[in-house]
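All remarks here apply to the structure that follows.
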Amino acid sequence: LIWQDEFEGASVDMTKWNYRAEGTVRNYATVSRNTISLDGEGHLSIKVTKDSDGKYYVGQLGTAGLFSATYGYFECRAKMNKYIGPHVAFWLQSPTMTTVGDPANNGVEIDIFEYHRKEPDIVHHNLHWNGYGDDHQTIGAKNRLSRN
Numbered sequence: 001l002i003w004q005d006e007f008e009g010a011s012v013d014m015t016k017w018n019y020r021a022e023g024t025v026r027n028y029a030t031v032s033r034n035t036i037s038l039d040g041e042g043h044l045s046i047k048v049t050k051d052s053d054g055k056y057y058v059g060q061l062g063t064a065g066l067f068s069a070t071y072g073y074f075e076c077r078a079k080m081n082k083y084i085g086p087h088v089a090f091w092l093q094s095p096t097m098t099t100v101g102d103p104a105n106n107g108v109e110i111d112i113f114e115y116h117r118k119e120p121d122i123v124h125h126n127l128h129w130n131g132y133g134d135d136h137q138t139i140g141a142k143n144r145l146s147r148n
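The numbers in UniProt numbering rise by one with no breaks, and the one at position 121 of the sequence shown is 121.
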C-alpha cells in the first residue's frame, strides 16, 4: 500500500488532497470547498448546498501535484445521492490527458464509476481522451446495479 486516506480527524488532509476547479460551474452547481467536510468518524461528506439566491454549490477533491500513479489498484467506499443533482464519481485522470493526439503517452480519464441519481439502478464506466474540446473521444459502458 503506497497511499490511503481513511478521512480521520476534523478536516481534510491537505498533504493528500487539494480542492479542484473551485469557482467553475459543473452541472448547474458552482464548485466550492465549503461543501466538503469530515465527520470525525472516518466519513468524508461532499454535499450539494443551495444559497438564498437559489445558487447551488458542490465540492471536488483531487490529488494533482500531491500523488499520481501509472499503475495500481484503486478502491473507495461511497454512498450514492438520494436526490437528482450533481453526480457521484470516482475517477483517475492523467495530468496530460488534455493534450491531443497521443493518448497512449498522454493518458486518459478513467471513470471507475459515475452514478447519476436520474438513473438510480445504473452505474457508468467511461474512458475519455484527447481533452474535452472538439477532439474529445470517449467510450464507455453502463452496468445495472443489483437490488440485494
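Think of the CB as a built atom: it goes at the ideal place given N, C-alpha and C, for glycine as much as any other residue.
Cβ atoms of Tyr57 and Ala29 come within 8 Å of each other, at about 6 Å. For a cut-off of 8 Å, the C-beta gap from His87 to His116 is around 5 Å, short enough to register as a contact. Distance between Ala141 and Glu109, taken at the CA atoms: about 14 Å.
With distances taken between CA atoms, Arg33 lies nearest to Glu22 out of Asp39, Gly42, Glu22. Under DSSP, Asp111 forms a beta bridge with Trp91, Asn126.
In this model, Gly85 and Ile2 are separated by some 34 Å (Cα to Cα).
The C-beta distance from Val123 to Leu92 rounds to 16 Å, too long to meet the 8 Å contact threshold. The residue from Ala104, Gly42, Gly59 with its alpha-carbon nearest to that of Lys50 is Gly59.
Taking C-beta atoms under 8 Å as the contact rule, Thr35 and Lys47 qualify, at a distance of about 5 Å.
Here the C-alpha atom of Tyr19 lies approximately 18 Å from the C-alpha atom of Cys76. The residue among Glu119, Asp5, Asn130, Asn27 with its C-alpha nearest the C-alpha of Asn143 is Glu119. Each residue's CA atom was taken as its position, placing Glu114 and Asp5 some 21 Å apart.
Taken atom to atom, the span from the alpha-carbon of Lys55 to that of Val31 is near 11 Å. Distance from the CA atom of Ser37 to the CA atom of Ser11, rounded to whole angstroms, is 6 Å.
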